[in-house]
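Top to bottom, those sequences are chains H and X. Positions 1 to 292 (UniProt numbering) are the ones given, in order, by the first sequence. Positions 1 to 292 (UniProt numbering) are the ones given, in order, by the second sequence. Glycine residues also receive a C-beta, built at the ideal position from the N, C-alpha and C atoms. Source: prediction; values computed, not measured. Okay, so here's the structure we're looking at.
Protein chains: 2
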Amino acid sequence: MTYVAAIDVGGTTMKGGLVTRDGTIHHAERRPTPRAGGPEEVVGAVAAFVADLARPRDGVRPLAVGLAVPGLVTPTHAVFSAAFGWRDVPAHAFAPGVRLPVALGHDVRAAGEAELAYGEGGRDVLYLPIGTGIAGAVVLSGALYGGAGGWAGQVGHIPVRPDGAACGCGQRGCLAAYASGGAVAARCGLPGAEEVVRAVLAGDARAVAVWDEAVEALALALATYTLVLDPAAIVIGGGVSQAGDTLLVPLRARLSARLGFRQAPEVRASSLGARAGLMGAGLLGWRAAPGA
Amino acid sequence: MTYVAAIDVGGTTMKGGLVTRDGTIHHAERRPTPRAGGPEEVVGAVAAFVADLARPRDGVRPLAVGLAVPGLVTPTHAVFSAAFGWRDVPAHAFAPGVRLPVALGHDVRAAGEAELAYGEGGRDVLYLPIGTGIAGAVVLSGALYGGAGGWAGQVGHIPVRPDGAACGCGQRGCLAAYASGGAVAARCGLPGAEEVVRAVLAGDARAVAVWDEAVEALALALATYTLVLDPAAIVIGGGVSQAGDTLLVPLRARLSARLGFRQAPEVRASSLGARAGLMGAGLLGWRAAPGA
């Protein structure tokens, strides 16, 4: 068996593993992202994770390393991330002393590539992972679309409520300020989105109100996306997609209500779930592997 | 000289002419669209216009007829238009007794095709004609993008002010309810957008306030479009684009203000201006001409 080492570096958690060519994940492991410790500590934590995954197992070493990271990223540099505060970190800084090819990629785009390669796919689809933040992978005519400068898919910063809640990006009323996992947790005073969903199911009034606002904000953003790009389907991924029908049932109803004169596209949860990012990091690694 | 007969059927005005292969317009003529008279009267007015344009001049007859119409449209049928109330009107109904090929096309998409063929173009551009209503032609990687079902580009119904002003489409808070030529005129109690621009320039308080709201609504919609699709340029067309700097200068400033963490794309008026629709109707005609 041959595999690559892959890590999906999220705002809260790093997911790592060894990924075979067909997308199967072995030795999956989660570690916390030490975001509070500053940019260097995050880079160091990724490097330690890479070193552990790069060790030979049964005499076999990974062929390459694939890292999916947030922010602005090229195959060779993590150029900028507001979440981690890093600037122009070269790929080898994440794997010092590991003599393997290292490929970087954008976390959401990598997850979108995994959806295209291993998921249910579709030619005209918005793939929207909702985790600590929200960003989208815009799939048009069967391929990821990056826009004129590679910045397409910033769905999380659509101004759904002009002059509404403050967002980490410096603007107001962004979708992410209402509907990201980070936002719903903060607005409920709970540690994470998982706890919010549990509180919603238990009928907690505050959680129900926050969830309601989140779903309506999502419906507004998805109505806009639908009007502009007429997708066949919207596929929700990331941690928040694990809320299942607690999210999907009211979201479908509210999206339809916001699209009076046309049918809403199908809205479903990703079949890859939270694994998509790690599978996408694996694809990055495979693209960098010798002979690939 | 060979030419086709072309008509751009707008909500207020029909623009007709004879269009040569290179997009040059001869014998341009405007007639009012008798919208208040109901769907049959509009079809009859188009048919009379077609008959006049189809007459031989200096012994030369047009090779074909191209008609750009609003709503849902196929090359052979005007399927549906909320503006005109028509349903499934076959192409030949617009040209009875005229023995020429007749091609129908969507007005905004036809104008977008003209921008691509004759305008300054660009690979990743939103072409946004603002006339009686607002719709967009989404140009991605150098081609018009229609979406999964041909409904892409409904920029005029982006919900910029959730639960705001009522729109003709039945929803609330749509861009078109604030920024279309029809909306600014109605909100000022003036006959058309041209009069509104004159009142703005004269410092009329009501017109200034309405214009201000229109520009802010446009900035919100264009910020959203930019975040999702990262265009290189946004090209404003239609009658309202003739406001020039009265529109463009505040719009650029407000769009930049709504895009704190990234640069705004270039925003400019179409170099084709209000001719784009007629030139697009000409392209439709040329595509239907014998030997084309």
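Check	Outcome
By DSSP's criteria, residue 8(X) is part of a beta bridge. Which residues make up the other side?	15(X), 68(X)
Under the DSSP definition of a beta bridge, which residues are partnered with residue 129(H)?	237(H)
Step through the CB atoms of chain H and report whether any lies within less than 7 Å of the CB of residue 157(X).	yes
Please name the residue in 250(X), 229(X), 193(X), 117(X) whose C-alpha comes closest to that of residue 21(X).	117(X)
Please say whether residue 126(H) and residue 231(H) have beta carbons closer to each other than 7 Å?	yes
Is residue 88(X) helix, strand or coil when you go by DSSP?	strand
Could you spell out the range, first to last residue, of the alpha helix (DSSP H) harbouring residue 294(X)?	An answer regarding residue 294(X) cannot be provided, because it is not within the stretch 1 to 292 covered by chain X.
Taking Cβ-Cβ distances shorter than 8 Å, what residues in chain X pair up with residue 127(H)?	Correct list: empty, because the minimum Cβ distance to chain X is about 13 Å.
In the segment 147-173 of chain H, which residues sit with their C-beta less than 8 Å from some C-beta in chain X, listed in chain order?	147, 148, 149, 150, 151, 152, 153, 154, 155, 157, 158, 159, 160, 161, 162, 169, 170, 171
With 16 other CB atoms within 10 Å as the buried threshold, where does residue 266(H) fall?	exposed
Measuring alpha carbon to alpha carbon, tell me which of 240(X), 69(X), 207(X) ends up nearest residue 131(X).	240(X)
I'd like the list of long-range same chain contacts for residue 23(H), defined as Cβ closer than 6 Å, with 5 residues on each side in sequence excluded.	118, 279
Output yes or no for whether 7 Å exceeds the beta carbon distance between residue 129(X) and residue 110(X).	no
Of all the options 37(H), 59(H), 107(H), 29(H), which has the alpha carbon lying nearest to the alpha carbon of residue 50(H)?	29(H)
On the premise that residue 191(H) lies in contact with residue 183(H), defined as a C-beta separation below 8 Å, what is that separation, rounded to the nearest angstrom?	Not quite, the Cβ-Cβ distance comes to about 13 Å (not below 8 Å), so this is no contact.
Any idea which residues DSSP pairs residue 256(X) with across the strands?	According to DSSP, which records beta bridges pairwise, residue 256(X) is partnered with nothing at all.
Is the CB-CB distance between residue 42(H) and residue 89(H) below 7 Å?	no
Give me the residue from 234(H), 168(H), 228(H) with the minimum Cα distance to residue 261(X).	168(H)
Please tell me whether residue 69(H) and residue 78(H) are closer than 7 Å, where the distance is taken between their beta carbons.	yes
Out of curiosity, what's the CA-to-CA distance linking residue 220(H) and residue 159(X)?	7 Å
Given that a residue counts as buried once 16 or more other Cβ atoms are within 10 Å of its Cβ, and exposed if not, what is residue 1(X)?	exposed
So what does DSSP say about residue 32(X), is it helix, strand or coil?	strand
Taking the beta strand (DSSP E) that residue 49(H) belongs to, which residues open and close that run?	From DSSP, residue 49(H) is part of no beta strand (DSSP E) but of the alpha helix (DSSP H) over 39-54.
So, does the segment 143-157 of chain X touch the segment 206-220 of chain H, judging by three or more C-beta pairs under 8 Å?	no
By the three-class DSSP mapping on this structure, what secondary structure does residue 57(X) have?	strand
Assign residue 60(H) to buried or exposed, taking buried as 16 or more other Cβ atoms, counted over all protein chains shown, within 10 Å of its Cβ.	exposed
Please report the straight-line C-alpha distance between residue 204(X) and residue 194(X), rounded to a whole angstrom.	14 Å
Taking Cβ positions, are residue 47(X) and residue 94(X) nearer each other than 7 Å?	yes
Quick one: what's residue 174(H) bridged to in DSSP?	159(H)
If residue 210(X) sits next to residue 196(X), beta carbons under 8 Å apart, how far is it from one beta carbon to the other, in whole angstroms?	7 Å
Classify residue 80(H) as helix, strand or coil using the three-state DSSP reduction.	strand
Looking only at C-alpha atoms, which of 56(H), 12(H), 155(H) sits nearest to residue 36(H)?	12(H)
Give me the chain H residues within the contact set of residue 224(X), using Cβ-Cβ distance strictly less than 7 Å, ordered along the chain.	158, 159, 224
Note down, in chain order, each residue of its chain lying with its Cβ closer than 8 Å to the Cβ of residue 162(X), except the 5 sequence neighbours on either side.	172, 173
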